[in-house]
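The structure appears below as structure tokens.
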Amino acid sequence: MIVRAPGKLVLSGAYAVLEGAPALVAAVDRYVLADPERPAEHETEEVRAAIAAGALDRAVWFDASALRAEQPVAVGGEGAGTAAAAPERRASRKLGIGSSAAILVATLAARARRAGAPASAPGWDTARIFADALAAHRRAQGGGSGVDVAASVYGGVLCCRLAPGGELAVTPHALPAGLVIEVFASESSARTSVMLERVRALAAREPEAHRALLGAAAEGANAAVRAADVAAFVTALDRQVDALAALGDRAGAPIVTPELRRLRLAAAAEGAAFAPSGAGGGDVALFVGGAPPSAAFVAAARASRLEREVMSIGAPGVHVLDAAHPPHA
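Everything in the sequence shown is counted per the numbering used here, starting at 1 for the first residue and increasing by one.
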């Protein structure tokens, strides 16, 4: 028996979700696989936190390679005096699409799966999986909204709101008809924890500026939830990126990178937004509009070292792998 849990994309509400604004998060068809019958080869911090809390008895084998991107790495060799002469080997890098949450959720579900339960039934208490995963993920990462955990557990597209007490309310959300979302991944990224620390430092140092900038981002996040068509959604995302760019500049955190700022202009010419997914700092960016990006935009992105990553949003949440869900789908 193999269980799989999807990764995620944060579509809207980054940073502002921590202040109570709504966030839109989507599960994607890139999955972590977990097999409770095989011994663990690696134990993540989140899984260790779940074990320490008594939510898990042990780690299990998992494969998170689908949530990574391949990249060529030049290696030295005879006559490799130039990059063109150097041979290549394949390596991979982590994509910022929620692998730590997906590993944790898949592991919890795999260990909770009832023996003999039919594949058509989950075989576990989904609400309990969510609560245990949320607690362990926050403990390991020192906080966070938990929207990535929600996407891995429940799947689809979700609207998430964080209550003052830390509870995360999760409801399904319908995006505007005709909305196109394409994913671009960068070879470089900043650590989310470092970005959050710098933004928190700004809140302590300049509370009024922090409040005003996050307030502007929250207005965009609320507008995205209300958006009834593609144009309104694109405008709501642009408002958030403007606010997050200013927030990053003030905090000394590269939430909106120079490459993304340049590509925003090209996206705008096509009636689209180009926005960071999640904490920003490189990693993953989203082209959001009413049509796919043009060949010229894709070429401009590649020139800025961002490559298109093919994935679809709205994938199912954690489930048992069966004939209807081949391992590499």
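Heads up, the beta-carbon is just placed ideally off N, CA and C, and yes, glycines get one too. This structure is a prediction, so every number in the text was calculated from the model and none was measured.
Could you spell out where the alpha helix (DSSP H) holding residue i opens and where it closes?
i: Ala332; result: Outside the displayed range of the chain (1 to 329) lies residue 332, so it cannot be described from this structure.
i: Gly215; result: Pro207 to Arg226
i: Arg191; result: No alpha helix (DSSP H) holds Arg191; DSSP gives it neither H nor E.
Let me check understanding here. Comparing Cα to Cα, which of the options lies closest to residue i?
i: Leu202; options: Ala296, Leu158, Leu244 and Ala299; result: Leu244
i: Ala49; options: Asp132, Ala66, Ala34 and Ala14; result: Asp132
i: Arg4; options: Ala52, Ala106, Asp57 and Leu11; result: Ala106
i: Gly13; options: Ala209, Leu265 and Ala217; result: Ala217
i: Trp61; options: Leu33, Ser186, Leu196 and Ala295; result: Leu33
i: Ala279; options: Ala140, Met195, Gly7 and Lys8; result: Met195
i: Arg211; options: Lys8, Ala21 and Ala299; result: Ala21
i: Glu167; options: Lys8, Gly7 and Glu19; result: Glu19
i: Arg205; options: Cys160, Gly252, Val147 and Val180; result: Gly252
i: Ser277; options: Val147, Asn222, Asp57 and His173; result: Val147
i: Val225; options: Arg308, His173 and Pro207; result: His173
For residue i versus residue j, is the C-beta spacing smaller than 8 angstroms?
i: Ala268; j: Val288; result: no
i: Arg128; j: Pro36; result: no
i: Ser145; j: Val17; result: yes
i: Gly220; j: Ala209; result: no
i: Ala52; j: Ser99; result: no
i: Leu213; j: Arg261; result: no
i: Gly155; j: Ala266; result: no
i: Glu259; j: Ala140; result: no
i: Val241; j: Ala275; result: yes
i: His137; j: Leu179; result: no
i: Asp29; j: Ser186; result: no
i: Gly123; j: Val298; result: no
Would you report the Cα separation of residue i and residue j, rounded to the nearest angstrom?
i: Tyr31; j: Ile2; result: 12 angstroms
i: Glu43; j: Val256; result: 32 angstroms
i: Ala23; j: Leu158; result: 8 angstroms
i: Ala303; j: Lys94; result: 21 angstroms
i: Ala40; j: Ala59; result: 6 angstroms
i: Pro293; j: Gly165; result: 41 angstroms
i: Ser188; j: Arg68; result: 13 angstroms
i: Pro176; j: Ala227; result: 7 angstroms
i: Val10; j: Ile97; result: 8 angstroms
i: Gly281; j: Leu247; result: 12 angstroms
i: Arg264; j: Glu270; result: 10 angstroms
i: Arg198; j: Thr192; result: 10 angstroms
i: Phe184; j: Met311; result: 10 angstroms
i: Gly143; j: Ala135; result: 9 angstroms
i: Gly215; j: Arg38; result: 48 angstroms
i: Val47; j: Ala109; result: 12 angstroms
i: Arg200; j: Ala301; result: 31 angstroms
i: Arg113; j: Asp125; result: 9 angstroms
i: Val153; j: Tyr15; result: 21 angstroms
i: Leu286; j: Asp229; result: 18 angstroms
i: Ala84; j: Cys160; result: Confidence at Ala84 is low in this model, with a pLDDT of 45, below 50, so its placement is unreliable and the value that follows should be read with caution. Distance between the alpha carbons of Ala84 and Cys160 is about 48 angstroms.
i: Ile181; j: Leu162; result: 25 angstroms
i: Asp57; j: Asp238; result: 45 angstroms
i: Arg308; j: Pro254; result: 21 angstroms
i: Leu306; j: Pro207; result: 34 angstroms
i: Ala66; j: Ala223; result: 33 angstroms
Return the Cβ separation of residue i and residue j in integer angstroms, given the expectation that the two are a contact with Cβ distance under 8 angstroms.
i: Val149; j: Ala101; result: 5 angstroms
i: Ala232; j: Pro6; result: Going by Cβ atoms, the distance from Ala232 to Pro6 rounds to 27 angstroms, so no, they are not a contact pair.
i: Ala26; j: Ile313; result: 4 angstroms
By the DSSP assignment, the beta strand (DSSP E) with residue i in it spans what residues?
i: Glu309; result: Leu306 to Glu309
i: Asp229; result: Counting along the chain, Asp229 falls outside any beta strand (DSSP E), and DSSP gives it neither H nor E.
i: Asp283; result: Premise fails: Asp283 is in no beta strand (DSSP E) and is neither H nor E.
i: Val180; result: Val180 to Ser186
i: Ser152; result: Not the beta strand (DSSP E): Ser152 falls in the alpha helix (DSSP H), residues Val147 to Tyr154.
i: Pro172; result: Leu168 to Pro172
i: Leu11; result: Val3 to Ser12
i: Ala40; result: Unbroken run through Ala40: none, as it is neither H nor E.
Heavy atom of the ligand COA less than 7 angstroms from the Cβ of residue i, yes or no?
i: Trp124; result: No copy of the ligand COA appears in this structure; indeed no ligand is present at all.
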